[in-house]
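Numbering (my numbering), first residue to last: 24 to 311.
Think of the CB as a built atom: it goes at the ideal place given N, C-alpha and C, for glycine as much as any other residue.
Bear in mind the structure is a predicted one, so any value in this text is a computation, not a measurement.
To start, the structure itself, in structure tokens.
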Ligand code: KIV
């Protein structure tokens, strides 16, 4: 996000490559400017200080501490068991590391569906205890009241519609949403509800590109695609997917920019063999 803005400076030199020029700290208003100026927004998930530091220094605009930590940190089969207490320390680690990126805390299943006061209570906990800059929650029309209440307390909200993993059982599995004319109408209705409730951006997950393009055209707030094609205002990926950290099949929309799984596997095999043969530690690793 290299929006022209009074607080923009050329990005400082960093060891990971040239980060784009842009705001010193990405704020929700920069999302709006980016949409108006047609500048793509970038987002990655992060669950710890080490990855947050790398992504932040590379100029990624926002870091989502997603409830996908359920799968990628805690080893659960889905995001459903993740709790607020589990996500807060991860979010705090990311927030401590991110000097430029906007940090978004994901509100997990069971922490906001009960009503607007429950939603506000959870959002306040994230803001106070994790130092995040915004929260995200799933659902369009059904989450309108919750979004409105959180926003009224001065907390920015990112919406999330289309395929919403917390409802995977209700939706009948990992299914593309927004197909057919009634699916597209429902998606547009959800998107407008999120916008009317005051969200600053909305994630569109696993929806046909043509429908995402239509939603993007209809909304004033930016759309962030996760498997929503190119005609959205920004792109978000789960870091372990984009970096090839996971074994096995990845969804069609994922582009793997590295194969960290094999890099780490090679490294750990090498270490194990070196210890077994006595090649490590070598004299240069010893203290005099
Ligand atoms: O938890 C997560 O990683 C998410 C994104 C996939 C949108 O919600």
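| query | With respect to 6 Å, is the separation between the Cβ of residue 267 and the closest non-hydrogen atom of the ligand KIV below this value? | reply | no
| said: Measuring alpha carbon to alpha carbon, tell me which residue in 225, 77, 136 is nearest residue 211. | reply: 225
| query | In terms of DSSP beta bridges, what is residue 111 paired with? | reply | DSSP output for residue 111 lists no bridge partner at all.
| field | Helix, strand or coil at residue 46 [DSSP, three-state] | value | strand
| query | Does DSSP classify residue 239 as helix, strand or coil? | reply | helix
| In or out: residue 188 buried (at least 16 other Cβ within 10 Å) or exposed? | buried
| message | Let's test the definition: count the other Cβ atoms within 10 Å of the Cβ of residue 300 and tell me whether it reaches 16, buried, or not, exposed. | response | exposed
| said: In whole angstroms, give me the CA-to-CA distance for residue 295 and residue 289. | reply: 10 Å
| query | Just to check, is the beta-carbon of residue 89 closer than 6 Å to a non-hydrogen atom of the ligand KIV? | reply | yes
| Do residue 106 and the ligand KIV come close, with the Cβ less than 6 Å from some heavy atom? | no
| message | Can you look up residue 260 in the DSSP assignment and give me helix, strand or coil? | response | strand
| With 16 as the cutoff for other CB atoms within 10 Å, does residue 59 come out buried or exposed? | exposed
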